[in-house]
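Trainee: The structure follows.
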Amino acid sequence: MARRVRSLAPVLVLVALCLAVASINGNFLSFSNLVRLLSSAAIPLVLVMGATFVILMGSIDLSVEGVVALAAVAASMLVANDFTSLDLGFVALPAAMLLGGLIGFFNGWLHIRLAIPSFMTTLGIGFACVGIATAILGGFTVRIADRTFRELTLGRLLDIPYSVWVAGLCVAIAWVIQERTRLGRWVYAIGTDEHTARQVGVPVERTRILVFTLAGLFYGLAGAMSAAQLGQGHALLSQGRLFTTVTAVVVGGTALSGGVGSVLNSVVGVLIVIVLTNGMVLMGIEPFVQQGVQGLLIILAVSLALDRSRLAVVK
Amino acid sequence: MDLCRIHAQSRQPLSCDLRQGCGEFRRLGRRAVRDARDRGQFGKGHRRCARPSRPHRRQARAQHRSQRQPRCAGHRRGMRQGRRLCRHPVEQARRFAPLDFDPNYVAHMSFDGVPTSKAITEALISSMGGEGGIVAIGGILSNVPAIERKLGLEQAVEASGGKVNILDFQPADWNETKAFEIMQAWLTRFGDEIKGVWAANDGMAIGALEALRQDGRAGAVPVTGIDGIDAAYAAIEAGEMAGTVAWDPNWTGGMGLSIAYNTALGNIDIASEPHEHREFYGTGIIVTADNLADVRGEPAPIDFKDYWGKATGQIQYRG
Numbered sequence: 000m001a002r003r004v005r006s007l008a009p010v011l012v013l014v015a016l017c018l019a020v021a022s023i024n025g026n027f028l029s030f031s032n033l034v035r036l037l038s039s040a041a042i043p044l045v046l047v048m049g050a051t052f053v054i055l056m057g058s059i060d061l062s063v064e065g066v067v068a069l070a071a072v073a074a075s076m077l078v079a080n081d082f083t084s085l086d087l088g089f090v091a092l093p094a095a096m097l098l099g100g101l102i103g104f105f106n107g108w109l110h111i112r113l114a115i116p117s118f119m120t121t122l123g124i125g126f127a128c129v130g131i132a133t134a135i136l137g138g139f140t141v142r143i144a145d146r147t148f149r150e151l152t153l154g155r156l157l158d159i160p161y162s163v164w165v166a167g168l169c170v171a172i173a174w175v176i177q178e179r180t181r182l183g184r185w186v187y188a189i190g191t192d193e194h195t196a197r198q199v200g201v202p203v204e205r206t207r208i209l210v211f212t213l214a215g216l217f218y219g220l221a222g223a224m225s226a227a228q229l230g231q232g233h234a235l236l237s238q239g240r241l242f243t244t245v246t247a248v249v250v251g252g253t254a255l256s257g258g259v260g261s262v263l264n265s266v267v268g269v270l271i272v273i274v275l276t277n278g279m280v281l282m283g284i285e286p287f288v289q290q291g292v293q294g295l296l297i298i299l300a301v302s303l304a305l306d307r308s309r310l311a312v313v314k
Numbered sequence: 000m001d002l003c004r005i006h007a008q009s010r011q012p013l014s015c016d017l018r019q020g021c022g023e024f025r026r027l028g029r030r031a032v033r034d035a036r037d038r039g040q041f042g043k044g045h046r047r048c049a050r051p052s053r054p055h056r057r058q059a060r061a062q063h064r065s066q067r068q069p070r071c072a073g074h075r076r077g078m079r080q081g082r083r084l085c086r087h088p089v090e091q092a093r094r095f096a097p098l099d100f101d102p103n104y105v106a107h108m109s110f111d112g113v114p115t116s117k118a119i120t121e122a123l124i125s126s127m128g129g130e131g132g133i134v135a136i137g138g139i140l141s142n143v144p145a146i147e148r149k150l151g152l153e154q155a156v157e158a159s160g161g162k163v164n165i166l167d168f169q170p171a172d173w174n175e176t177k178a179f180e181i182m183q184a185w186l187t188r189f190g191d192e193i194k195g196v197w198a199a200n201d202g203m204a205i206g207a208l209e210a211l212r213q214d215g216r217a218g219a220v221p222v223t224g225i226d227g228i229d230a231a232y233a234a235i236e237a238g239e240m241a242g243t244v245a246w247d248p249n250w251t252g253g254m255g256l257s258i259a260y261n262t263a264l265g266n267i268d269i270a271s272e273p274h275e276h277r278e279f280y281g282t283g284i285i286v287t288a289d290n291l292a293d294v295r296g297e298p299a300p301i302d303f304k305d306y307w308g309k310a311t312g313q314i315q316y317r318g
C-alpha cells in the first residue's frame, strides 16, 4: 500500500502544484495556457526519453547540451538558411537524429571499451560537441529561412503544435521499448544488479552501448526541434537543457542509482519542472526568490517520490 | 602587483620545495608592496604598515602606544589582533584601475548601459503609441550590463509620467530559451495587456519574439533588444522588432587598435593623457526601421586619428 502511494507521489505533487498555481491565477487551467505548457514541455520530453534509460541503467549522460547544440546546428545548416546553400527540408530531422545517435554510440563505446565512467565520458563528449559546434560556425548564428521546417513547432494539429505530437510519439516509443522489448528488461536488470544480470546472460556491454545510442537519437531529434522552435542554430542554443533533463528524471521518481523508475515517471517529472517555471511567473513570485523556491520544491518532490527505506547506502 | 616580476626575482623561480618557494615568494611580494608604497603607488587611500620584526616588537609597540597620533587607526586594531599587515582605508578608498600602476597600460573602452537603455526604451514606448504595459526580460541579475540596462529602462518608464508601466520584470540570464518560456507564461498572465516587450539583449528578444510568433502575435507587439545582432536586424526589417542598439562595432574595434598602435609608435603619450582618455565610453547607436539601411550598409569612413572624438566620458563603476 505504502509503495503504491509512493509510486503515485510524483503525480500527486504535480496535481498539488497545478491546484496551487490555478488557485492564484485562474488562467493557468485555460486551454491556451495548457497548450503553451505542452509546447514548452515538448523538447524536454524528448530529451528525457533518452536520459531515463541511461539513468535506469545506473549511468548518467551529461552530453545532453553538447549533442543538442551540435544537432541543432546541423539541422539548421541542412534546411534553407543563411549559412549554407542547402535546402533539404525535413531530411534535416533524420539527419540530426543520426548525428545524435552516432555521438551516443561513441559515448557508449568509449565508456565500455576504455572503461571510463559514463559521468566523465559523456561530460567530455558534451564539451567536445559544443566545441565542434562553435568551431563550425566560428561563433555565428545560423538563421533558418525554411518556413515548412519551422512548422514543426509553429504548425498545429487539433490546436496542438506538431512538436507536442512528436514528443507524444517519442513517449509511446520509449514506453514500448521499456515494456515490450528485451532491451527494456535488460536495462532494468543492469540497473538493479549488474553482476547478477551478467551471470544470467544479459549482454551488458552491448546493452549499454545500445542505450547510449538510443539516448543520442532522442537528443538529436530534440536538437532539430530546438532549431525549429527558435528559428536558428548556434552553439549555445541548448544552455540549461542538461539541468532540466536530469532534474525532471529524478523529480519524476527515477533513482540515480538505477533499476527504479520508468519513462512515464519522467513524463510527470518534466511536467512538474515546466509547471513550476510557468507557475512562478504566473503567481508573480519575485525573481530573486524563484531559484530558491525551485530548489526547495525539487528536494521536496524527490523526498516524496523516492522509496529510500530500502536503500542500504546513500551516496 | 607584478607577479611575474616577483617571480623572476626569486632565487629559485621553479622551486621544487614548495614551502621554501612560498616563503621566498612572500618575502619578495612584501618587498614589492613596500617599494610600491615608497613610490606612492598606493595613493592616499591606503597606507600599509608592516609589523615590526620580532626583537623590536615590544619596543615598537610601546612606542606605538605612546604616539599621540597613531599612524592609522586600523594599524592599532591590527596589532591588537596580531595581524601581520594592516590595510585599513584612512580616507575613503578610491577604486584603483590599472592606469594607477602601469604607465604602459594604454586604455579600456566600454559602453554606458544606462543612457543607451533609456534611449532604446524610449524608442519602444514611442512604437507602443506612448502608453501601455511593458514586460521586461533582464540579464543575469548581478551582471553590470544587466544592472545598467535595467536602470535605463526604469528611468525611461519613470520619465513617461505614469503612462507606461512595467507589468513584470524577470531575468532570463541572457538565455533565449528561458526568455521564450517566460514570455509564454506572461502571455497567459497578462494576455492583451502586453503592449511592448523589452529585453536586455537581442538573443532574449528573439526568444520572446518566437513565443509571440507561436501565439500568432509576432509583429503585433513591439519588441526591443540591445546588441545589434543579425537576427535582430532581420526582425526589424520584417517589422517584428521595434529596435535594437548597435555598439558601433567598426569604431570600437578600429579605434581600440588605433589608440594602441599610435601609443606604440609614440604618437600618443598615453601616461600623460587624462583618465577620461584611458577609461572611456563609446556611443551606442539606436537602430530602428528608419535607420536600419544606414547601419547595415557600407560603414562611413572613420578618422582614426580622432581618438576620443566619439568618447562620452570616463567609465563609472556600478554594481
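Going down the list, the sequences are from chains X and L. Counting along the first sequence from 1, when you hit position 90 you're at 89 in numbering that gives the first Met the number 0, and nothing is skipped either side. Counting along the second sequence from 1, when you hit position 64 you're at 63 in numbering that gives the first Met the number 0, and nothing is skipped either side. Cβ coordinates follow ideal geometry from the N, Cα and C atoms, glycine included. Note that the structure is a prediction, hence the values are computed from the model and not measured.
Measure the alpha-carbon distance for L/L291 versus L/Q313 and round it to whole angstroms.
Mentor: Locating residue 291 of chain L in the second sequence gives position 292, counting from the first residue. Locating residue 313 of chain L in the second sequence gives position 314, counting from the first residue. So the alpha carbons of these two residues sit roughly 29 Å apart.
Trainee: Check the Cβ of X/L281 against every Cβ in chain L and list those closer than 8 Å, keeping chain order.
Mentor: If you number the first sequence from 1, residue 281 of chain X lands on position 282. Here the neighbours are A184, T187 and R188.
Trainee: Could you tell me the alpha carbon to alpha carbon distance between L/Y280 and L/T251, rounded to whole angstroms?
Mentor: To locate residue 280 of chain L, count along the second sequence from 1; it is residue 281. To locate residue 251 of chain L, count along the second sequence from 1; it is residue 252. Going from the Cα of L/Y280 to the Cα of L/T251 covers about 10 Å.
Trainee: Among all the DSSP beta bridges, which residues are the ones paired with X/W231?
Mentor: Your numbering for residue 231 of chain X matches position 232 in the first sequence. Note on identity: in this sequence residue 231 of chain X is Gln, with Trp being the wrong assignment. The partner list for X/Q231 (beta bridge, DSSP) reads X/R142.
Trainee: At the 8 Å Cβ level, is L/E175 part of the contact set with chain X, yes or no?
Mentor: Here residue 175 of chain L is taken as the residue at index 176 of the second sequence, counted from 1. So yes, L/E175 belongs to the interface.
Trainee: So is L/N249 buried or exposed if we call it buried at 16+ other beta carbons inside 10 Å?
Mentor: Your numbering for residue 249 of chain L matches position 250 in the second sequence. So L/N249 ends up on the exposed side.
Trainee: Using 10 angstroms around the beta-carbon of X/A15, count the other beta-carbons present and answer buried if the total reaches 16, otherwise exposed.
Mentor: Taking the first residue of the first sequence as 1, we reach residue 15 of chain X at position 16. By the 10 Å Cβ count, X/A15 comes out exposed.
Trainee: Roughly how many angstroms separate the alpha carbons of X/S237 and X/P9, rounded to a whole number?
Mentor: Residue mapping note: residue 237 of chain X aligns to position 238 of the first sequence, counting from 1. Residue mapping note: residue 9 of chain X aligns to position 10 of the first sequence, counting from 1. If I take the Cα positions, the gap works out to 26 Å.
Trainee: Would X/T195 be called buried (16 or more neighbouring beta carbons within 10 Å of its own) or exposed?
Mentor: On the first sequence, residue 195 of chain X is found 196 positions in, with the first residue counted as 1. The residue is exposed, with fewer than 16 neighbouring Cβ atoms inside 10 Å.
Trainee: Using a Cβ cut-off of 8 Å (strictly closer), state whether X/N346 contacts chain L.
Mentor: The requested residue 346 of chain X does not occur in the structure, where chain X is confined to residues 0 to 314.
Trainee: Which of the three DSSP states is assigned to L/I205 in this structure?
Mentor: Looking up residue 205 of chain L in the second sequence gives position 206. Three-state DSSP puts L/I205 in a helix.
Trainee: Drop a sphere of 10 angstroms on the beta-carbon of L/Y306, count the other beta-carbons inside from all chains shown, and report buried for 16 or more, exposed for fewer.
Mentor: Here residue 306 of chain L refers to the residue found at position 307 when the second sequence is read from its first residue. Flag for L/Y306 reads buried.
Trainee: Identify the continuous alpha helix (DSSP H) that holds L/D302 and give its terminal residues.
Mentor: Position 303 of the second sequence, counted from the first residue, corresponds to residue 302 of chain L. Careful: L/D302 lies outside any alpha helix (DSSP H) and carries neither H nor E.
Trainee: Please compile the residues from chain L whose C-beta is within a distance smaller than 7 Å of the C-beta of X/G322.
Mentor: Because chain X here runs from 0 to 314, residue 322 of chain X falls outside it and cannot be looked at.
Trainee: Going by the DSSP bridge assignment, what does L/N164 pair with across the sheet?
Mentor: On the second sequence, residue 164 of chain L is found 165 positions in, with the first residue counted as 1. Answer by DSSP bridge pairing, in chain order: L/G132.
Trainee: Nearest CA to the CA of L/I193: which residue from L/A106, L/I133, L/A299 and L/F110?
Mentor: Indexing the second sequence from 1 puts residue 193 of chain L at position 194. When each option's Cα is compared against that of L/I193, the closest is L/I133.
Trainee: Measure the C-alpha to C-alpha separation of X/F105 and X/T212 and round it to an integer number of angstroms.
Mentor: The residue given as residue 105 of chain X occupies position 106 in the first sequence. The residue given as residue 212 of chain X occupies position 213 in the first sequence. Rounded to the nearest angstrom, the two C-alpha atoms are 8 Å apart.
Trainee: What is the rounded straight-line gap between the Cα of X/R35 and the Cα of L/D101?
Mentor: Taking the first sequence and counting its residues from 1, one reaches residue 35 of chain X at position 36. Taking the second sequence and counting its residues from 1, one reaches residue 101 of chain L at position 102. Between X/R35 and L/D101, the C-alpha separation is close to 56 Å.
Trainee: Can you name the residues that DSSP bridges to X/F27?
Mentor: Stepping through the first sequence from its first residue, residue 27 of chain X is reached at position 28. X/F27 pairs with nothing; no bridge assigned.
Trainee: Use the C-beta contact count for X/T325: other C-beta atoms within 10 angstroms, 16 or more gives buried, fewer gives exposed.
Mentor: Any question about residue 325 of chain X goes unanswered here, given that chain X covers just 0 to 314.
Trainee: Out of X/L101, X/I297 and X/A95, which one is the CA nearest neighbour of X/V249?
Mentor: As a working note, residue 249 of chain X is residue 250 in the first sequence. Out of X/L101, X/I297 and X/A95, X/I297 has the C-alpha closest to the C-alpha of X/V249.
Trainee: Any residues in the stretch 146-169 of chain X with a beta carbon nearer than 8 Å to a beta carbon of chain L? Which ones, in chain order?
Mentor: Closer than 8 Å at the C-beta level to chain L, one finds these residues of the stretch 146-169 of chain X: T152, L153 and P160.
Trainee: Compare the C-beta of L/R295 against all C-beta atoms of chain X and say whether one is closer than 8 Å.
Mentor: Along the second sequence, read from residue 1 onward, the residue named residue 295 of chain L stands at position 296. So, not an interface residue.
Trainee: Are the stretch 105-117 of chain L and the stretch 142-152 of chain L touching, with three or more C-beta to C-beta distances below 8 Å?
Mentor: yes
Trainee: Indicate whether the contact test is met: 3 or more Cβ pairs, each with one atom in the stretch 161-175 of chain L and one in the stretch 184-192 of chain L, closer than 8 Å.
Mentor: Under the Cβ criterion (8 Å, minimum of three pairs), the stretch 161-175 of chain L counts as touching the stretch 184-192 of chain L.
Trainee: Can you list, in chain order, the residues of its chain whose CB lies under 7 Å from that of X/T147, leaving out five sequence neighbours each side?
Mentor: If you number the first sequence from 1, residue 147 of chain X lands on position 148. Excluding sequence positions up to five before and after X/T147, its CB lies within less than 7 Å of the CB of G88, all in the same chain and listed in chain order.
Trainee: Under a three-way DSSP split, which group does L/E180 fall into?
Mentor: Here residue 180 of chain L is taken as the residue at index 181 of the second sequence, counted from 1. In the structure shown, L/E180 sits in a helix (DSSP, three-state: H, G or I).
Trainee: Check the C-beta distance from X/A300 over to X/I273 and give it rounded, since I have them as a contact under 8 Å.
Mentor: Counting from one through the first sequence, the residue named residue 300 of chain X turns up at place 301. Counting from one through the first sequence, the residue named residue 273 of chain X turns up at place 274. Not really, about 13 Å apart at Cβ, beyond 8 Å.
Trainee: If you follow the alpha helix (DSSP H) that X/W185 is part of, which residue opens it and which one closes it?
Mentor: On the first sequence, position 186 is the one that residue 185 of chain X refers to. Element bounds for X/W185: R181 to T191.
Trainee: Around the C-beta of X/L113, are 16 or more other C-beta atoms found within 10 angstroms, so that it is buried, or is it exposed?
Mentor: In the first sequence, the residue the question calls residue 113 of chain X occupies position 114. The residue in question, X/L113, is exposed, as its Cβ has fewer than 16 Cβ neighbours within 10 Å.
Trainee: At a CB-CB cut-off below 8 Å, which residues of chain X make contact with L/E319?
Mentor: Nothing can be reported for residue 319 of chain L, as the shown portion of chain L is limited to 0 through 318.
Trainee: Contact check, L/A199 vs L/A145 under 8 Å by CB: the rounded distance?
Mentor: In the second sequence, counting from the first residue as 1, residue 199 of chain L sits at position 200. In the second sequence, counting from the first residue as 1, residue 145 of chain L sits at position 146. That pair is a contact at about 6 Å.
Trainee: Any C-beta of chain X within less than 9 Å: which residues of the stretch 220-251 of chain L qualify?
Mentor: From the stretch 220-251 of chain L, only I228, D229, A230 and A233 have a Cβ closer than 9 Å to chain X.
Trainee: Given a cut-off of 8 Å on the beta-carbon distance, is the pair X/G215 and X/V45 in contact?
Mentor: On the first sequence, residue 215 of chain X is found 216 positions in, with the first residue counted as 1. On the first sequence, residue 45 of chain X is found 46 positions in, with the first residue counted as 1. With contacts defined by Cβ atoms closer than 8 Å, X/G215 and X/V45 do not form a contacting pair.
Trainee: In chain order, what residues of the same chain have a beta carbon less than 7 Å from the beta carbon of X/L136, not counting five sequence neighbours either side?
Mentor: What you label residue 136 of chain X is simply residue 137 of the first sequence in a count that begins at 1. V72, H233 and A234, listed in sequence order.
Trainee: Helix, strand or coil, according to DSSP, for L/Y280 in the structure here?
Mentor: Along the second sequence, read from residue 1 onward, the residue named residue 280 of chain L stands at position 281. Here L/Y280 sits in strand by DSSP.
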